[in-house]
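The numbering used here numbers the first residue of the sequence shown as 1 and each following residue consecutively.
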Amino acid sequence: MPIPAVNLKPCLEATEQEWRARLAAMFGRMQFILGAEVAALEQELASAFQTKCVVTVGNGTAALEIALRDAGVTRPAQEVWTTALTAPFTGVGIAAAGCRVRFADVDPETLLLDPVDLGNRAGKRTAAIVPVHLYGQPAPLAPFRALARSLGAVLVQDACQAHGATHMGKPLAAYGPYVCYSFYPTKNLGCLGDGGAISTNSAATGKRLLSRRDGGRRGGQIAYLPGINSRLDEMQACYLRAFLPKLGEWNAMRRRVASLYEDGLRDCPGVRLLRTSEESVRHLFVIRAARRGRLRDWLSSKGIGTGIHYPAPLHLMPAFGEAGLRRGDLPHAERAVRDILSLPVYPYLSDASVAEVIGRVREFYRR
Ligand SMILES: Cc1ncc(COP(=O)(O)O)c(C=O)c1O
């Protein structure tokens with residue numbers, strides 16, 4: 001049986017009754033934008049993420065843009081620092097706010113943005129810091145919060161890969177005013193299209209975000225604040241409300257898969273594991289693999305799908321040339337993209353399938 005890199009089907013099957021009932025009720029109401037499902041979902045997300053408010057938006061990229069706009073970070077003279085190893089959309093969302101994107105290097109053990117490297121690079125033009133909770137693992141938030149405070153900058157978290165994660169026992173929203181999520185279908189909590197959200201512990205911020213995502217309106221046809229049009233639709237909220245009660249269980253399943261991989265690959269020649277914390281929600285399981293291309297082809301020939309997250313660091317992507325960095329400037333991120341490999345991880349992936357992946361990886365390095 002092939003083992004794809006991602007498989008959404010079992011999650012859809014496990015919740016089918018629930019989402020079908022919600023869709024039927026939605027068609028009964030015939031309201032498709034900003035209705036009862038979105039309002040209820042926002043309450044339920046706030047409770048699940050232990051935060052005062054959650055405001056849903058059109059996608060995770062827009063969540064970052066809106067958060068920065070709300071913080072007044074909208075001018076090219078304002079620098080926003082983030083990691084070079086992330087989805088390009090982190091940089092896209094930051095740039096969309098109108099500010100200047102800057103990149104710092106990663107910690108080679110975790111591949112998370114390194115607060116020491118960032119601290120050495122960031123100066124007084126810094127208006128925001130955007131740590132990314134990459135692969136489901138929260139970035140070290142206490143140092144980033146301290147750094148942001150000392151620079152007079154705002155902390156905007158990219159939690160697009162970390163639904164349900166906590167850091168040092170606290171909800172992510174405890175560390176800063178904006179936590180941004182994506183509900184892209186393959187995320188730990190995903191819908192069946194595009195979707196996103198921002199969580200905040202400030203009721204006043206939440207109120208502004210509600211307006212900013214809806215063209216700056218407050219329910220009528222007057223635009224009060226500079227806003228954009230970025231709304232989650234009712235249909236996606238139906239799926240998300242069906243999936244959300246399962247998030248804890250699904251994250252536990254991901255953690256089980258990850259711990260089986262770690263036990264099975266810890267001593268495998270050619271494989272290096274990342275340093276991860278118990279609090280990671282294991283969005284992706286990434287190894288550092290010698291002869292990665294060959295291993296990938298070998299796994300593919302055995303029916304095993306893999307991914308590379310990501311094949312290039314953002315500072316070397318043509319779209320981010322304005323950051324002014326060259327090859328060699330962020331050596332840890334540049335080295336990582338050459339050997340990282342994402343193995344299959346998702347809820348309901350069987351122990352037998354995980355054992356098959358482990359066996360095939362070991363077989364490759366034995367040959
Ligand atoms: C780390 C990270 N940031 C931002 C995004 C953007 O989210 P979206 O695709 O919902 O715009 C994603 C997902 O693609 C992501 O993985």
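Quick reminder that beta carbons are idealized off the backbone N, C-alpha and C, glycines included.
Check	Outcome
C-alpha gap between Tyr310 and Leu85, whole angstroms	7 Å
Contact test: Asp194 Cβ vs ligand 1 heavy atom, cutoff 8 Å	yes
Contacts around Gly119, its chain only, beta-carbon distance under 7 Å, and the 5 residues preceding and following it disregarded	Leu147
Start-end ranges of the alpha helix (DSSP H) lying completely within the stretch 102–152, minimum 4 residues	115–121, 141–151
Boundaries of the alpha helix (DSSP H) in which Arg335 is found, first to last residue	331–339
CB contact flag (Cys99, Glu79, <9 Å)	yes
Contact belief for Ala323 with Val101 at Cβ below 8 Å, rounded distance in angstroms	6 Å
Contact test: Leu244 Cβ vs ligand 1 heavy atom, cutoff 8 Å	no
Other residues of its chain near Arg327: CB distance less than 8 Å, five sequence neighbours each side excluded	Leu316, Glu334
Gly176 beta carbon near ligand 1 (any heavy atom closer than 8 Å)	no
Sub-9 Å separation of Ala197 and Val55 beta-carbons	yes
Nearest-angstrom Cα separation, counted from Pro2 out to Leu244	28 Å
Cβ-Cβ separation, Gly264 to Ile129 (assumed contact under 8 Å), whole Å	Rounded, the Cβ-Cβ distance is 36 Å, inconsistent with contact.
Simplified DSSP state of Tyr261, which is helix, strand or coil	helix
C-beta atoms of Ile308 and Ile340 nearer than 9 Å	yes
Local conformation of Asp70 per DSSP, three classes	helix
Beta-carbon proximity of Gly169 to Gln236, cut-off 9 Å	no
Rounded separation between Lys9 and Ile222 - CA only	43 Å
Residues bridged to Leu343 [DSSP beta-bridge criterion]	Phe285
Check: Gln161 C-beta below 8 Å from any heavy atom of ligand 1	yes
Spatial neighbours of Gly215 in its chain, beta-carbon cut-off 8 Å, leaving aside the 5 residues before and after	Ala223, Gly227, Ile228, Asn229
Identity of the residue in Ala139, Glu42, Leu155, Asp105 nearest Leu314 by Cα	Asp105
Beta-carbon proximity check, Val132 vs Leu260, cutoff 9 Å	no
Alpha carbon of Leu209 to alpha carbon of Arg231, nearest angstrom	11 Å
When Ala63, Glu249, Ala139, Ala39 are compared against Arg213, the one with the closest alpha-carbon	Ala63
Straight-line Cα distance separating Arg22 from Ser280	31 Å
Arg254 in three-state terms, based on DSSP	helix
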